[in-house]
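Asks:
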Amino acid sequence: MRSALDLETRLIKTAELFAPGRKGADAVTWLLDDYPRLVAEIRQLRRHLDGFNEEQSAFDQRLEALQKACSSILEL
Numbered sequence: 001m002r003s004a005l006d007l008e009t010r011l012i013k014t015a016e017l018f019a020p021g022r023k024g025a026d027a028v029t030w031l032l033d034d035y036p037r038l039v040a041e042i043r044q045l046r047r048h049l050d051g052f053n054e055e056q057s058a059f060d061q062r063l064e065a066l067q068k069a070c071s072s073i074l075e076l
């Protein structure tokens, strides 16, 4: 099923920028078809980033403990 949409030219031009090799309605269709995949990928990347942040926090805590231990050893 196809439906005609009245879109501003700037929206079509933007879609063409993100849809290589596609023009006009084809670019808009491709962009809308790809949007769910893009959102899922961004969510996955955010989860990975959260994991990295947790790892960094744990690493910082271990580093601080190691630095304190080294300082204690040097004071002996």
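Counting from 1, position 69 in the sequence shown corresponds to residue 69 in the UniProt record's numbering; the numbering is continuous, with no gaps.
Beta carbons: idealized from backbone N, C-alpha and C, even for Gly.
#1: Work out the CA separation of Q61 and E55 for me, nearest whole Å.
#2: I12 and G24 - do their beta-carbons sit closer together than 8 Å?
#3: Starting from P20, trace the alpha helix (DSSP H) in both directions and tell me its first and last residue.
#4: F18 and L32 look like a contact to me (Cβ under 8 Å); what is the Cβ gap, rounded to whole Å?
#5: For L76, does the three-state DSSP call read helix, strand or coil?
Replies: Reading it off the structure:
#1: 10 Å
#2: yes
#3: That residue, P20, is in no alpha helix (DSSP H); it is neither H nor E in DSSP.
#4: Not confirmed; about 11 Å, so no contact.
#5: Secondary structure at L76: coil, using DSSP grouped into helix, strand and coil.
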